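Note sheet for the following structure.
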Amino acid sequence: YFQRRNPDNDHTRKQNDEILNAIQEPATEEDERDKQSPKKQQRRQSMLTQTPNIHHLVQKPSSPPSWYNRAMETFAMFTCSLAFVMPMTAVCWLSTIYVALVLPISMTSSSMTTTTTDDTTTGSSTTTTIGITLMWMYLIYLCAVDQSAFQGTRTPFLRGPQNSLLNWWWSKACDFLPVILIKTAELPGTSTIDKKDSTTTTTNKYVLGYHPHGIIAVGAFSAFATDSARSIDLTSSSSQQEQQRGFSSLFPSLDRRVVTLPQNFWTPFLREYFLSMGAVNSSKNTFRKYLNNHDSDGQGKCLIVVVGGAAESMVAHEGSINLVLKNRRGFVREAIMAGANLVPVLGFGETNLYHMYETPQDSFMARIQTFVKRNFGFAMPVFRGRSFFFTEIGFIPNRTPVVVVVGKPIPPPTLEELKGKTCYKEFAPKIDRSTDQALNEDGEILKQWHAKYVTELKQLYDEYKDAQWNLPGKARSKSLRIVR
């Protein structure tokens, strides 16, 4: 699969050879212990024999030359990384402050000191006034009117349709790492319920929990916000599959949105970029409004949430999957309240995209990180990636593969199991955070379904960590752990 990457570089050619021969690597002692179970061995053998030929998924480029492809991939990934978001945040805020505040003050002071005006000055003043008015209208719109960050009503047009220029651009970004999206189970958009006198079609809802967070969840953005990641369908019986890309090629009947931090919607203009990629706010109102919106045009509803959040980015060590999941039950609660299926998703290799530096707990930097996380809601790990010309410094992720495996759905509890509830919206769990004890029956159900989710997530990891297409899984230094 990866033989196309940097063929002129000796180090990359050696890495490609390791990737192409990954299935022949000897197993570790840990792997041998995992394979003792006959049931696991049977599942793994069945999965390996049904896996499509990965070499068939990628066509070798003939033109333009490889340096051009590498350059375009780097530029495309730049638009998905902190190297783009951070300077654009500064540019957007400075532009907004200048037009909305500095220009009006400047115009007021100049009008008080100037006694005569000519046609040129009048025309310039009119243009400036129009710009200031439009800026304030936009600010009022995004603060008081626009609810698309909570309702998911903005059309994600920046993903681009298949074979479009936008789709080509995002395909370059996904091929930079590269990103591979794996389907292991069906996620139908609708379900048909047969009754005595009629047949009812209902819209299915899904909450996909992505793990691990990594530094900024580049794998989640590439696999779900774009529609350009290379994909493999393990549910297909064919040993050969046509080259296909994107979430929509695997799950065509689902409308999806990616949950992200509220801070990403605070910046004027940049928020439009996130909204047009299908991002929504991470508040509980988003789950309730989007999943319960019946205007779906026959498509199922799908929310992708990176469960570990800011806390998990602080333990994003290379070669490992350290999860902050023990008390993360909010997404499970919202899924049950919406009658949605829970789906575990693992991004093997997500933590390899950046190198994170350890900060001693009593250091000055650790205190700054704690202050930022407590007051601004996001973590500030000390890390490095790469840049356009240097591989040891920068904020663009390193060229290392990410394999995103979508698991099977976990259906919500039935209304009979909820005991006395007439609808899912009545689900109201209460749990004592200090003792982690359920205070009512709904709290017990929430803990049970959270435990089911964790079990399915671990099974997903055990089943596919040694797959022939999963190089980051095979190259792991530590197994999956729930650290807190």
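Per our numbering, the very first residue in the sequence shown carries number 596; after that it's consecutive. Ideal placement from N, C-alpha and C gives every residue a C-beta, glycine not left out. The structure displayed is predicted, hence computed values, not measured ones.
Pairwise C-alpha distance: residue j and residue i
{"i": "D892", "j": "E913", "result": "42 angstroms"}
{"i": "A768", "j": "S958", "result": "37 angstroms"}
{"i": "M1082", "j": "H950", "result": "Within the shown structure, residues of the chain are numbered from 596 to 1079, placing residue 1082 beyond reach of any answer."}
{"i": "V1001", "j": "K879", "result": "23 angstroms"}
{"i": "I827", "j": "N1035", "result": "43 angstroms"}
{"i": "I1005", "j": "G747", "result": "23 angstroms"}
{"i": "K1053", "j": "Q757", "result": "34 angstroms"}
{"i": "C897", "j": "T721", "result": "47 angstroms"}
{"i": "T954", "j": "A905", "result": "16 angstroms"}
{"i": "F816", "j": "F745", "result": "18 angstroms"}
{"i": "L1013", "j": "W731", "result": "49 angstroms"}
{"i": "R866", "j": "M975", "result": "21 angstroms"}
{"i": "E781", "j": "A666", "result": "36 angstroms"}
{"i": "E1011", "j": "T830", "result": "32 angstroms"}
{"i": "T881", "j": "F983", "result": "37 angstroms"}
{"i": "K800", "j": "N888", "result": "11 angstroms"}
{"i": "L760", "j": "E1051", "result": "38 angstroms"}
{"i": "P783", "j": "R962", "result": "47 angstroms"}
{"i": "V967", "j": "A678", "result": "20 angstroms"}
{"i": "W1044", "j": "K1003", "result": "15 angstroms"}
{"i": "A812", "j": "Y693", "result": "32 angstroms"}
{"i": "W1064", "j": "R1071", "result": "14 angstroms"}
{"i": "K1016", "j": "K790", "result": "21 angstroms"}
{"i": "V680", "j": "V938", "result": "29 angstroms"}
Range covered by the alpha helix (DSSP H) that runs through residue i
{"i": "T1030", "result": "Unbroken run through T1030: none, as it is neither H nor E."}
{"i": "P783", "result": "It is not in any alpha helix (DSSP H) - P783 carries neither H nor E in the DSSP assignment."}
{"i": "I899", "result": "Per DSSP, I899 belongs to no alpha helix (DSSP H); it is in the beta strand (DSSP E), 895-901."}
{"i": "T1050", "result": "1036-1059"}
{"i": "A768", "result": "760-771"}
{"i": "P699", "result": "698-708"}
{"i": "T1009", "result": "Neither: T1009 is in no alpha helix (DSSP H) and is coded neither H nor E."}
{"i": "L1066", "result": "1066-1069"}
{"i": "I692", "result": "677-692"}
{"i": "T855", "result": "Premise fails: T855 lies in the beta strand (DSSP E), 849-855, not in any alpha helix (DSSP H)."}
{"i": "S844", "result": "842-845"}
{"i": "R665", "result": "661-673"}
{"i": "S958", "result": "S958 -> no alpha helix (DSSP H), and no H or E assigned at all."}
Span of the beta strand (DSSP E), counted from its first residue to its last, around residue i
{"i": "H889", "result": "First-last for H889: undefined, no H or E at that position."}
{"i": "T797", "result": "794-798"}
{"i": "F943", "result": "936-943"}
{"i": "N876", "result": "874-876"}
Spatial neighbours of residue i in its chain, beta-carbon cut-off 6 angstroms, leaving aside the 5 residues before and after
{"i": "A818", "result": "V774, L776, A824, V999"}
{"i": "A911", "result": "G809, I810, T946, M951"}
{"i": "H650", "result": "Its pLDDT being 40, under 50, H650 is placed unreliably by the model, and nothing is read from it."}
{"i": "I916", "result": "P807, L1075"}
{"i": "M683", "result": "L865"}
{"i": "Q964", "result": "M975"}
Anticipated Cβ contact below 8 angstroms, residue i with residue j, distance rounded
{"i": "Y1019", "j": "L941", "result": "Actually they are not in contact, since the Cβ atoms of Y1019 and L941 sit about 27 angstroms apart, beyond 8 angstroms."}
{"i": "D822", "j": "R749", "result": "At roughly 16 angstroms, the Cβ-Cβ gap does not stay under 8 angstroms, so D822 and R749 are not in contact."}
{"i": "V927", "j": "I899", "result": "Their Cβ separation, rounded to whole angstroms, is 15 angstroms, which puts V927 and I899 out of contact at 8 angstroms."}
{"i": "N922", "j": "D1031", "result": "7 angstroms"}
{"i": "S848", "j": "Q894", "result": "6 angstroms"}
Spatial neighbours of residue i in its chain, beta-carbon cut-off 8 angstroms, leaving aside the 5 residues before and after
{"i": "T995", "result": "L772, G944, N947, L948, P1067"}
{"i": "T794", "result": "T787, I788"}
{"i": "N993", "result": "N947, L948, Y949, H950, G980, R981, T986"}
{"i": "M932", "result": "F882, R883, Y1019, K1020, F1022"}
{"i": "I1026", "result": "R924, Q1032, A1033, L1034, G1038, L1041, K1042"}
{"i": "R1028", "result": "N922"}
Beta-carbon spacing of residue i, residue j below 8 angstroms
{"i": "V902", "j": "V1078", "result": "no"}
{"i": "L698", "j": "I727", "result": "yes"}
{"i": "V875", "j": "R851", "result": "no"}
{"i": "Y1048", "j": "G804", "result": "yes"}
{"i": "T724", "j": "P863", "result": "no"}
{"i": "G814", "j": "V997", "result": "yes"}
{"i": "T779", "j": "T797", "result": "no"}
{"i": "L734", "j": "A695", "result": "yes"}
{"i": "V802", "j": "E929", "result": "yes"}
{"i": "S676", "j": "I988", "result": "no"}
{"i": "L856", "j": "A935", "result": "no"}
{"i": "D1061", "j": "K1069", "result": "yes"}
{"i": "M909", "j": "P751", "result": "no"}
{"i": "D741", "j": "E668", "result": "no"}
Neighbourhood of residue i by C-beta distance below 7 angstroms, restricted to the same chain and skipping five residues each side
{"i": "W764", "result": "A671"}
{"i": "L870", "result": "S743, A744, R749"}
{"i": "K839", "result": "The question names Lys, yet the displayed sequence has Gln at residue 839. The residues are S826."}
{"i": "P1008", "result": "I931, I1040, W1044"}
{"i": "Y736", "result": "none"}
{"i": "F673", "result": "F679, I991"}
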